[in-house]
Amino acid sequence: MPPLAPISLILGGARSGKSRFAETLAETSGLEPVYLATGAAHDSEMATRIAAHRARRGAEWRTLEEELELTRTLQDHAGRGRVILVDCLTMWTANLMGGGRNLDLEFRHLIEALPRLGGPVIFVSGEVGLGVVPDNAAARAFADHLGELNQKLAMAAAYVVLIAAGLPLVLKSPNQD
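According to the numbering used here, the sequence shown holds residues 70 to 246 in order.
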């Protein structure tokens, strides 16, 4: 694993291995790992996914849960000696849409806050741009919003990786010329 960048973005499809990759990145950093979960167990399938993620992480992980106020939570908890793993921006975007929030404003606040965070943050997000165009307006709006957020975060991040079949493809690295 490379040295930890101030802002990292790990992208991938569903079940691609992106969370596992991000967890390894955090665990090998030598910093206290903090898992910031944006999803909630609203059904049994999601509860099973959350339980599997928790079981995979060791006792050294501290867990925070926040479905909507991601920027404020990062500002409150990012700091020296710890790395925050946000898993994931896909769920956060869905939560914002479901809550009737202003996504442009929420995304802008997040991007503007990044340079002022006191410690490294690893973001996990779904890559929605590789599939077919969704067949309904709500799904298209979701893909548009998440794609926009991913692009903005990729510009702000020093390290961006796309995970496919558990394998990392480095898209952007601090060591690139």
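Virtual Cβ for every residue (Gly too), placed ideally from N, Cα, C.
Taking 8 Å as the limit between beta carbons, can you name the residues of its chain near residue i, skipping five residues before and five after?
{"i": "W130", "result": "P102, V103, Y104"}
{"i": "G150", "result": "L100, E101, G188"}
Can you check whether the CB of residue j is closer than 8 Å to the CB of residue i?
{"i": "M160", "j": "G108", "result": "yes"}
{"i": "R125", "j": "E92", "result": "yes"}
{"i": "L143", "j": "N164", "result": "no"}
{"i": "A225", "j": "A74", "result": "no"}
According to DSSP, what are the bridge partners of residue i?
{"i": "P102", "result": "V152"}
{"i": "L134", "result": "For the sequence presented, residue 134 should be read as Glu rather than Leu. BP columns for E134 point to A106."}
{"i": "G195", "result": "G81"}
{"i": "V239", "result": "V230"}
Roughly how many angstroms lie between the CA atoms of residue i and residue j, to the nearest whole one?
{"i": "T162", "j": "H214", "result": "7 Å"}
{"i": "P72", "j": "P237", "result": "15 Å"}
{"i": "G235", "j": "R89", "result": "8 Å"}
{"i": "I23", "j": "A206", "result": "Lying before the first or after the last residue shown, residue 23 is absent from the chain, which here runs from 70 to 246."}
Leaving out the 5 sequence neighbours to the left and right, which residues in its chain are closer than 7 Å to residue i when beta-carbon positions are compared?
{"i": "A212", "result": "V197, P203"}
{"i": "L179", "result": "L139, T140"}
Taking buried to mean at least 16 other C-beta atoms within 10 Å of its own C-beta, is residue i buried or exposed?
{"i": "V239", "result": "exposed"}
{"i": "S113", "result": "exposed"}
Between which residues of its own chain and residue i is the CB-CB distance below 6 Å, once the five residues before and five after are set aside?
{"i": "K87", "result": "I79, G81, V193, I232"}
{"i": "V229", "result": "L78, A223, L240, K241"}
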